[in-house]
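> In this note's numbering, the protein residues as written are 8 to 270. For glycine and all other residues, C-beta sits at the position ideal for the given N, C-alpha and C. All of these numbers come straight from a predicted model, not from anything done at the bench.
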Amino acid sequence: MSRSLPAHKHDAGRPDRANLALRRQTRLAMLPQPRLWGLWVVLLSAAVLSLGFIATDTQGFSANEFTVDQELSRGHDGILTALSMTLNYLFSPAGGIAIIALCCLFLLIVRKSPVNAIAFGGTAAAGYLSSQFFKVIVERQRPNPALLFDPLAPETGSNSFPSGHVALAVGLAWAFWFLARNTRWSRLAVILGVLVPVVLAWSRLYIGVHYPSDVIASFLASTAAVLLFAGVWNRYQGRLLPRVPLLDRFGPVDSAAAAAAHS
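#1: On the three-pair Cβ rule with 8 Å, is the stretch 62 to 79 touching the stretch 249 to 260?
#2: Is Ala105 helix, strand or coil when you go by DSSP?
#3: Could you check how far apart the C-beta atoms of Ser137 and Ala228 are, in whole angstroms? I think they sit under 8 Å.
#4: If we call anything under 8 Å between Cβ atoms a contact, is Thr33 one with Pro249?
#5: Rounded to the nearest angstrom, how far is the Cβ of Phe168 from that of Phe141, given a contact under 8 Å?
#6: So, for Gly59: in the same chain, excluding its five sequence neighbours on each side, which residues have a beta-carbon less than 6 Å away from its beta-carbon?
#7: Among Gly178, Val205 and Leu212, which one has its Cα closest to the Cα of Ala160?
#8: Whole angstroms are fine: how far does the CA of Ile107 sit from the CA of His170?
#9: Buried or exposed: Val49, going by 16 or more other Cβ atoms within 10 Å of its Cβ?
#10: Counting beta carbon pairs with one atom in the stretch 109 to 129 and one in the stretch 238 to 248, are three or more of them shorter than 8 Å?
#11: At what residues does the alpha helix (DSSP H) containing Asn95 begin and finish?
#12: Under a Cβ-count criterion, where at least 16 other Cβ atoms within 10 Å of its own Cβ denotes burial, should Tyr243 be classed as buried or exposed?
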């Protein structure tokens with residue numbers, strides 16, 4: 008009898024370990040979302056559009072905001088300039104694609120978590136793409152670099168509102184928090200998820216490529232898109248992912264098993 012007990016305990020622990028592994032691999036099978044999430048999407052989107060149209064249609068609005076950029080341009084510092092330009096390249100469209108792709112590949116291949124990989128990538132991409140959607144509608148001209156004391160990255164065009172860099176950072180912040188919630192990394196994800204987008208927003212004004220309302224709107228727009236993605240994901244991923252050819256070779260995609268593991 009005494010010899011059979013360790014084997015019994017060892018066998019009993021296997022289902023628990025398997026269940027724990029499945030929970031980790033399908034952590035993002037259900038994303039957190041508020042009640043009446045659709046209403047939140049509408050309200051946040053309406054706030055973005057209202058701010059955008061006020062900025063473009065109110066005489067003197069952009070000129071008043073531009074004084075912030077001009078003041079920052081007069082006080083450029085070597086270290087702050089290096090930080091701002093690093094963030095400029097890191098969160099550029101190309102940099103954002105690289106960050107999202109690397110994170111998704113890590114989750115898919117190393118962690119064997121196709122569900123987490125797709126949910127992470129979709130969340131981050133939704134945050135960034137929200138800026139492109141509102142840019143087309145609002146069409147706000149960028150600050151005139153010729154009026155800056157020290158233009159660091161001169162840009163022109165009608166794609167100022169909202170900031171794509173900041174929207175990307177906010178989308179990534181949500182994606183990392185979804186992945187880290189209820190783990191020991193949750194607090195760090197929250198701290199960095201607030202700090203990085205705020206610093207990046209400041210850097211866009213420091214460089215002189217956006218107005219203050221551009222970067223503020225990015226937080227609202229990106230969050231609205233993330234909430235929309237989460238709502239659609241939670242409703243349809245269980246039906247769609249199992250139908251994707253070869254996806255289950257990387258890891259579990261069965262929604263029923265994932266739901267049982269998280270219950």
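With the structure as the only source:
#1: no
#2: Here the question's residue 105 lines up with position 98 in the sequence shown. Three-state result, Ala105: helix.
#3: By 1-based counting over the sequence shown, the position of residue 137 is 130. By 1-based counting over the sequence shown, the position of residue 228 is 221. Indeed, because the Cβ distance is near 4 Å, the residues count as touching under 8 Å.
#4: Position 26 of the sequence shown, counted from the first residue, corresponds to residue 33. Position 242 of the sequence shown, counted from the first residue, corresponds to residue 249. Contact: no.
#5: As a working mapping, residue 168 is identified with position 161 in the sequence shown. As a working mapping, residue 141 is identified with position 134 in the sequence shown. Contact holds; Cβ gap of about 7 Å.
#6: To locate residue 59, count along the sequence shown from 1; it is residue 52. So the qualifying residues of the chain are Val145 and Phe168.
#7: Numbered from 1 along the sequence shown, position 153 holds the residue referred to as residue 160. Answer by Cα proximity: Leu212.
#8: Translated into the one-based positions of the sequence shown, residue 170 becomes position 163. Translated into the one-based positions of the sequence shown, residue 107 becomes position 100. Going by the sequence as given, residue 170 is Ser instead of His. Answer to the nearest angstrom: the Cα atoms are 18 Å apart.
#9: Against the sequence shown, residue 49 aligns to sequence position 42. Looking at its Cβ environment, which holds fewer than 16 other Cβ atoms inside 10 Å, Val49 is exposed.
#10: yes
#11: On the sequence shown, position 88 is the one that residue 95 refers to. Taken as a continuous stretch (DSSP letters only), the alpha helix (DSSP H) holding Asn95 covers Gly85 to Leu97.
#12: As a first step, residue 243 must be located in the sequence shown, where it is residue number 236. By the neighbour-count rule (16 or more Cβ atoms within 10 Å), Tyr243 is not buried but exposed.
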